[in-house]
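Engineer: With this note's numbering applied, the sequence shown corresponds to residues 63 to 260, in that order.
Here a beta-carbon is modelled for each residue, glycine too, at the ideal position from N, C-alpha and C.
Have a look at this one before I ask anything.
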Amino acid sequence: GPLCYRQVCRSLWESRKYRYWWVLGDPNAAEKPHIYHAPLASQQAFKITQSFNGKFSHTAQPNQYAIDIAMPVGTYIGAARAGTVIWVKDDYHMGGKNKYFLDKANYIKVLHDDGTYAGYYHILIGSALVKPGDHVEIGDRLAMSGSSGYSTGPHLHFAIFKNKRFSRKSIPFLLYNSDGVSFTPEAGMYISRPNSDT
């Protein structure tokens, strides 16, 4: 009867479950390459060891358009573009070339005004100098380089991402060289910050 019906309805209502997901960034963000400063805090030069479509770990999204920059542990990393810090993880101490470490890298993510965001990965445990909500300008120190997570040695993994139909997609970008001229980063190149802000 009605009482039984009400009990069934209440039971169904109380046992309801929700599923949801979200992806950071603006899906309408422009995909044309933006020109970035090298993600360094000084004008010292460092070598790109893997670039776009790199055969070791940049063969597919979301790492397809990323670069790896070899640098000693403890090197200061600088903001490549102005933005707002949205995520900081610097609590993991180990790294290695084992799939166990794939989701263990420490990182900082900075949201840009066009809805894209930069990821700075493999930072040293406890080295973050910023927190979520902080505004950063080009060259501001973010953290120190390390080798946390899936890594064969000390380096910075750097990529620009956008929201692509509820998935994270890395996108191509350009860098300024030391003379302020833009170029596409390629493995084997040495990069440094421009001599002046461009």
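(1) Straight-line CA distance for glutamine 112 to leucine 173?
(2) Closest to aspartate 241 by CA distance: which of His99, Asn90, Lys94 is it?
(3) Using CA coordinates, which residue listed in Pro194, Gly87, Pro134 is at the minimum distance from glycine 215?
(4) Check whether the Cβ atoms of threonine 178 and phenylalanine 228 sit closer than 9 Å, and answer yes or no.
(5) Would you report the Cα separation of lysine 159 and serine 213, rounded to the nearest angstrom?
(6) Should the region 109–124 be regarded as contacting the region 230–246, the criterion being three or more beta carbon pairs within less than 8 Å?
(7) Sorted by chain position, which residues of the same chain lie with C-beta nearer than 6 Å to glycine 157's C-beta, five sequence neighbours on each side aside?
(8) Taking only the alpha-carbon atoms, compute the straight-line gap between tyrosine 169 and arginine 255 and give it to the nearest angstrom.
(9) Would histidine 219 and alanine 128 qualify as a contact pair, given that the criterion is a beta-carbon distance under 9 Å?
(10) Could you give the residue range of the beta strand (DSSP E) that holds arginine 230?
(11) From Asn225, Ala144, Pro247, Leu186, pick the residue whose C-alpha is nearest to that of aspartate 202; which is it?
(12) Taking tyrosine 138 as part of the beta strand (DSSP E), name the residues at either end of that continuous run.
(13) I'd like to confirm something about phenylalanine 223: is its beta-carbon nearer than 8 Å to some heavy atom of the ligand COA, or not?
Structural biologist: Taking the geometry as given:
(1) Numbered from its first residue, the sequence shown carries residue 112 at position 50. Numbered from its first residue, the sequence shown carries residue 173 at position 111. Distance between the alpha carbons of glutamine 112 and leucine 173 is about 24 Å.
(2) As a position in the sequence shown, residue 241 is number 179, starting the count at 1. Among His99, Asn90, Lys94, the Cα nearest to that of aspartate 241 belongs to His99.
(3) In the sequence shown, the residue the question calls residue 215 occupies position 153. Minimum Cα distance to glycine 215 is reached at Pro134.
(4) Reading the sequence shown from its first residue, position 116 is the one you call residue 178. Reading the sequence shown from its first residue, position 166 is the one you call residue 228. Taking 9 Å as the Cβ cut-off, threonine 178 and phenylalanine 228 do not qualify as a contacting pair.
(5) The residue labelled residue 159 in the question sits at position 97 within the sequence shown. The residue labelled residue 213 in the question sits at position 151 within the sequence shown. Cα to Cα, lysine 159 sits roughly 6 Å from serine 213.
(6) yes
(7) Sequence index remark: in the sequence shown, residue 157 carries index 95 (1-based). If we look at glycine 157 and ignore the five residues flanking it on each side, its Cβ neighbours are Phe163, Ser209, Ser210, Gly211, Ser213.
(8) Translated into the one-based positions of the sequence shown, residue 169 becomes position 107. Translated into the one-based positions of the sequence shown, residue 255 becomes position 193. Looking at the two C-alpha atoms, the distance is approximately 21 Å.
(9) The sequence position of residue 219 within the sequence shown is 157, counting from 1. The sequence position of residue 128 within the sequence shown is 66, counting from 1. Yes. Within cutoff.
(10) Position 168 of the sequence shown, counting from 1, holds the residue named residue 230. It spans 230–232 - the beta strand (DSSP E) in which arginine 230 sits, taken as one unbroken run.
(11) As a first step, residue 202 is located in the sequence shown; it is residue number 140 there, counting from the start. Answer by Cα proximity: Ala144.
(12) Residue 138 sits at position 76 when you count from the first residue of the sequence shown. Counting along the chain, the beta strand (DSSP E) containing tyrosine 138 begins and ends at 138–140.
(13) Absence of the ligand COA is noted for the structure shown, with no ligands found whatsoever.
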